[in-house]
Amino acid sequence: MNMKFLPAASLKDWLDLLRSHGTLIAPVKEKDGFIAFRPDPDFEDITLDYQNTVRPIREFFLPHSETLFNFETVQNGFDIERNKPEEPLVIFGVRLCDACGLEALDRAFSGKYTDPYYTERRKNALIISLFCTEPHPACFCEGVQKLMTGPKGADILLYPVEGGFLADPLSEKGDKIIGESKKLFKEPDAEQLKAKDAMVEKAVGAQSCIVDFSLLPEKFKELPPSSPFWREEGEGCVSCGVCSFLCPACQCFSVQDISDGKSGKRVRCWATCQDCRFAKMAGGIDPRPEKGERHYHRLSHKFADAPARNDMIFCTGCGRCIRYCPSHHDVLETLKKFLEYEEVKP
Ligand code: SF4
Ligand code: SF4
Numbered sequence: 251m252n253m254k255f256l257p258a259a260s261l262k263d264w265l266d267l268l269r270s271h272g273t274l275i276a277p278v279k280e281k282d283g284f285i286a287f288r289p290d291p292d293f294e295d296i297t298l299d300y301q302n303t304v305r306p307i308r309e310f311f312l313p314h315s316e317t318l319f320n321f322e323t324v325q326n327g328f329d330i331e332r333n334k335p336e337e338p339l340v341i342f343g344v345r346l347c348d349a350c351g352l353e354a355l356d357r358a359f360s361g362k363y364t365d366p367y368y369t370e371r372r373k374n375a376l377i378i379s380l381f382c383t384e385p386h387p388a389c390f391c392e393g394v395q396k397l398m399t400g401p402k403g404a405d406i407l408l409y410p411v412e413g414g415f416l417a418d419p420l421s422e423k424g425d426k427i428i429g430e431s432k433k434l435f436k437e438p439d440a441e442q443l444k445a446k447d448a449m450v451e452k453a454v455g456a457q458s459c460i461v462d463f464s465l466l467p468e469k470f471k472e473l474p475p476s477s478p479f480w481r482e483e484g485e486g487c488v489s490c491g492v493c494s495f496l497c498p499a500c501q502c503f504s505v506q507d508i509s510d511g512k513s514g515k516r517v518r519c520w521a522t523c524q525d526c527r528f529a530k531m532a533g534g535i536d537p538r539p540e541k542g543e544r545h546y547h548r549l550s551h552k553f554a555d556a557p558a559r560n561d562m563i564f565c566t567g568c569g570r571c572i573r574y575c576p577s578h579h580d581v582l583e584t585l586k587k588f589l590e591y592e593e594v595k596p
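Position in the sequence shown (from 1) plus 250 gives the number in this note's numbering.
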């Protein structure tokens with residue numbers, strides 16, 4: 251699959267063609283100055299001059315809250331009406347860390363067990379990523395997933411170069427989409443390809459990662475959640491759940507039936523393992539009553555269980571949990587200290 255050059259002057263025409271493939275979702279600057287992905291924006295409102303959005307794109311695949319089906323009691327059972335699938339999505343301008351987050355969600359929702367709601371949205375979506383030329387200091391996508399040198403999760407990756415974009419098809423779907431609009435694309439020249447290589451090198455150099463992730467699975471086995479290390483780590487955490495709600499690779503949800511006794515609906519909404527009620531069971535039993543235990547759970551799931559079970563660390567290095575935690579927990583600092591920690595035996 252060959253890289254092509256899209257002149258900046260052809261971007262609007264390309265986006266108009268992409269709109270025929272589904273609802274276009276792109277980053278726009280909101281009145282409060284924040285950048286957010288919004289459906290069906292006017293071309294003039296789309297901004298590509300941003301580091302990253304506060305919220306990742308997972309809400310378009312796993313909404314915060316969605317009705318799975320409506321039900322009505324009838325003689326001998328229920329009538330069930332499933333929610334209709336929406337129009338396909340074309341998500342434009344996604345950072346690689348967020349595109350890669352979909353790979354983690356794929357493993358959870360389209361792996362051994364298939365969730366039809368997620369899987370349909372994902373199968374029909376087209377993801378067009380935009381390379382990060384100036385990563386935020388909290389980002390570590392190259393360190394944890396090698397995303398800058400081995401991008402994944404998107405169908406097409408755009409590199410902004412002088413006068414336009416180099417478009418790299420990462421999937422067959424992406425290649426087909428570029429092929430369909432080939433009159434808008436040109437062959438790239440040597441200067442543009444050189445500029446792209448220099449851009450990747452510069453962005454990789456701008457990131458640093460202080461953790462050797464390969465050592466974590468063994469360390470999590472050594473140091474249990476009851477260790478003083480985790481007790482100290484839990485201190486200061488206010489259990490707000492921001493670290494998981496803003497994470498592109500987190501996927502926990504809860505399900506509730508809302509009913510008047512005759513009819514009702516089944517609703518799924520996001521949940522967070524940092525909530526003190528998250529693991530509570532009937533009879534009030536709670537396997538993780540302490541904040542430190544919940545931190546252990548979150549991090550061991552991402553960095554030890556997920557690679558063992560799903561062949562992928564469930565962190566894409568987006569840095570959001572570092573940037574937005576109100577108590578300034580820093581996942582990299584925690585993991586670094588954890589690897590260095592030696593328990594003092596009595
Ligand atoms: S964002 Fe920070 S304070 Fe909130 S639950 Fe996560 S670690 Fe705790
Ligand atoms: S764990 Fe933190 S840095 Fe990693 S993907 Fe989630 S929010 Fe981003």
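For each residue, glycine too, the CB sits at the ideal point set by N, CA and C.
- [ ] Could I get the ranges of all uninterrupted beta strand (DSSP E) runs contained in the segment 356–432, with 3 residues as the minimum, in chain order?
- [x] Those beta strand (DSSP E) runs which fall completely within the segment 356–432 and span 3+ residues are 376–380, 406–411, 414–419.
Open item on the list: Just to confirm before moving on: does the CB-CB distance between S379 and L420 stay below 9 angstroms?
Closed with: yes
Task: Helix, strand or coil at P257 according to DSSP, with G and I counted as helix - done: strand
Task: Outcome for V278 when other beta-carbon atoms lying within 10 angstroms are tallied against a minimum of 16 - done: buried
Open item on the list: Measuring CB atoms only, is the segment 385–404 touching the segment 438–446, in the sense that at least three cross pairs come out at less than 8 angstroms?
Closed with: no
TODO: Over the uninterrupted beta strand (DSSP E) stretch that includes V505, give me the two end residues.
DONE: 503–509
Task: Helix, strand or coil at D525 [DSSP, three-state] - done: D525 falls in the coil class under three-state DSSP.
- [ ] In angstroms with no decimal places, state the Cα-to-Cα distance between P537 and Y363.
- [x] C-alpha separation (whole angstroms): 25 angstroms.
Open item on the list: Give me, in chain order, the residues of the same chain whose beta-carbon lies closer than 7 angstroms to that of C490; leave out the 5 immediate sequence neighbours on both sides.
Closed with: P576
Open item on the list: Quick check on T515: does DSSP put it in helix, strand or coil?
Closed with: For the sequence presented, residue 515 should be read as Lys rather than Thr. In this structure, K515 counts as strand in the three-state DSSP scheme.
Task: Rounded C-alpha distance that separates P338 from N252 - done: A direct Cα-Cα distance of roughly 25 angstroms separates P338 from N252.
- [ ] Please state whether DSSP places R538 in a helix, a strand or coil.
- [x] coil
- [ ] Keeping to the same chain, check which residues put their C-beta closer than 6 angstroms to that of E543; ignore five residues upstream and five downstream.
- [x] Cβ within range, chain order: P475.
- [ ] Kindly identify the DSSP beta-bridge partner or partners of W480.
- [x] Answer by DSSP bridge pairing: none, since W480 is not bridged.
Task: Whole-angstrom distance between T369 and F359, CA atom to CA atom - done: 7 angstroms
Task: Distance between I427 and C471 (C-alpha atoms, nearest Å) - done: The identity of residue 471 in the sequence shown is Lys, whereas the question assumes Cys. Their backbone Cα atoms lie some 46 angstroms apart in a straight line.
- [ ] Give the DSSP-derived three-state secondary structure of K334 in the structure shown.
- [x] If DSSP states are grouped into helix, strand and coil, K334 belongs with coil.
- [ ] Below 6 angstroms CB to CB, which residues in the same chain sit around C459 once its five sequence neighbours on both sides are set aside?
- [x] When the five nearest sequence neighbours on each side are left out, the beta carbons in the same chain lying within less than 6 angstroms of the beta carbon of C459 are those of F390, G393, in order along the chain.
- [ ] Alpha carbon to alpha carbon, how far is A532 from T323? Give it in angstroms, no decimals.
- [x] 26 angstroms
Open item on the list: What I want to know is whether the C-beta of A499 ends up closer than 8 angstroms to one or more non-hydrogen atoms of ligand 2.
Closed with: Yes; taking the cut-off as 8 angstroms, the Cβ of A499 has a heavy atom of ligand 2 nearer than that.
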